[in-house]
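Before any comments, here is the structure.
In this note's numbering, the protein residues as written are 410 to 779.
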């Protein structure tokens, strides 16, 4: 590991520094290496950096911890993915509170074309488990990556079903990558590394303290195109994941259940409050995510950018950059086209079947344009 990467790792061992502060420090200094060479006076001028943190940076003790961590991760075949690395999940990188680095052990592509997270109650019913397995089975033909939290109930069912149908699956952990929690899922976690993997933002030996689980959920939501809630009580971790996914403008789906079933109350409320699309089968996911339409594009049916006006080319190019739908406000900012003019252009492209409008004034390409 070169000095810059070692410095990036060392910053994560400075007490009181979080991912946002680390990225802010690196941006201010120009590199992680330069952070450790800044005068104390300049460090103290950076928002959120007080005397204690500045002293911790300047005494360089974090480097000894980083070097030891590096030796151990290399010995255990664990990759350290920095925020700027190509292998770092690109969907997650777009989020302000994304981890500054990740520990990864596995073989799956974290930037594959389609990524779906499946989460739910720890008290999964036979109905919830059956639907989870059926969804994963259908996701296999879409070559999707399934992400979950390795927890009891729906999470572990999603992982086990993925293994059954040879669907790559990632378990996002609230502990160090060498501490499997719950311990009874060790065998599944080991098998997952063969076709999927384990992912965490925490250093080796970090225990799964309760407050780390909500933070873990932002990774699950952030690295996925869509989040599916299979079963959830009125309150719980799955609903936290749904809220986070919504705040990231990600698509959320929920499986409806009986109004008398306490472990369907959370899902039913999400649907009732328009915080999730109703999910009854893979068809609902395919429709909202435009998967069927993308799969049906024939080799000879590709359209070229030259077939469109300059403004339309700009819109299509921006939409092509993202796997997720883009809000019209963001699209207006990125193309420098006024909202009124953009709305007219988008409507015309929609009539041509090039793009599709989704709930919340979001747009996504439906045909390949080169």
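Glycine included, every Cβ here is placed at the ideal spot set by N, Cα and C.
Computed from a predicted model, the values in this text were never measured in an experiment.
- The Cβ atoms of residue 660 and residue 635 lie closer than 8 Å to each other.
- In the structure shown, the three-state DSSP call for residue 636 is strand.
- In this structure, the straight-line span from the alpha carbon of residue 571 to that of residue 516 is close to 14 Å.
- In this chain, the alpha helix (DSSP H) harbouring residue 567 covers 563–573.
- Sequence-distant Cβ neighbours of residue 675 in its own chain, meaning closer than 6 Å and more than five residues away, are 641, 642, 643, 648.
- Annotation: the continuous beta strand (DSSP E) that includes residue 581 extends over 578–581.
- Each of 754, 472, 508 was checked against the Cα of residue 608, and the nearest Cα belongs to 508.
- Restricting attention to alpha helix (DSSP H) runs no shorter than 4 residues, the segment 640–696 encloses them at 646–656, 674–681, ordered along the chain.
- Assigned with DSSP and collapsed to three states, residue 597 falls in helix.
- Between residue 506 and residue 627 the beta-carbon gap is near 6 Å, inside 8 Å, which marks them as a contact.
- In the structure shown, the three-state DSSP call for residue 512 is strand.
- Boundaries of the alpha helix (DSSP H) harbouring residue 482: 471–484, taken from the DSSP string.
- The Cβ-Cβ distance between residue 465 and residue 473 does not fall below 8 Å.
- When the Cα atoms are used, residue 453 and residue 728 turn out to be separated by approximately 41 Å.
- In the structure shown, the three-state DSSP call for residue 493 is coil.
- By the CB criterion at 8 Å, residue 687 and residue 734 fall outside the cutoff.
- The Cβ atoms of residue 479 and residue 632 lie no closer than 8 Å to each other.
- When C-alpha distances from residue 539 are compared across 566, 550, 554, the shortest belongs to 566.
- Comparing alpha-carbon positions, the option among 743, 665, 749, 725 lying closest to residue 762 turns out to be 725.
- For residue 654, the number of other beta carbons within 10 angstroms of its own is at least 16, and it is reported as buried.
- Within the segment 701–767, the runs of beta strand (DSSP E) at least 3 residues long that lie entirely inside it are, in chain order, 764–767.
- Pairwise C-beta distances place the segment 714–722 out of contact with the segment 663–670, as fewer than three of them are shorter than 8 Å.
- A residue is called buried once 16 or more other Cβ atoms fall within 10 Å of its Cβ, and residue 533 is buried on that count.
- Around the CB of residue 461, fewer than 16 other CB atoms lie within 10 Å, so the residue is classed as exposed.
- Listed as beta-bridge partners of residue 525 by DSSP are 555, 635.
- Exclusion of the five residues before and after residue 750 leaves 720 as the residues of its chain whose Cβ lies within less than 8 Å of its Cβ.
- Of the residues 526, 658, 415, 699, the one whose Cα lies closest to the Cα of residue 578 is 526.
- Judged by DSSP secondary structure, residue 607 falls within the beta strand (DSSP E) whose first and last residues are 606–609.
- Separation of the CB atoms of residue 482 and residue 613 is rounded to 7 Å, and the pair is thereby assigned contact status at 8 Å.
- Contact between residue 621 and residue 583 holds: CB atoms are separated by about 4 Å, below the 8 Å threshold.
- Comparing alpha carbon positions, the residue from 638, 434, 546, 550 closest to residue 528 is 638.
- Of the residues assessed, residue 742 falls on the exposed side of the cut-off, its CB having fewer than 16 other CB atoms within 10 angstroms.
- DSSP places residue 771 within a strand segment (E or B) once states are collapsed to three.
- Beta-bridge analysis with DSSP links residue 488 to 513.
- When C-alpha distances from residue 714 are compared across 455, 758, 678, the shortest belongs to 758.
- Counting along the chain, the unbroken alpha helix (DSSP H) around residue 536 starts and ends at 535–548.
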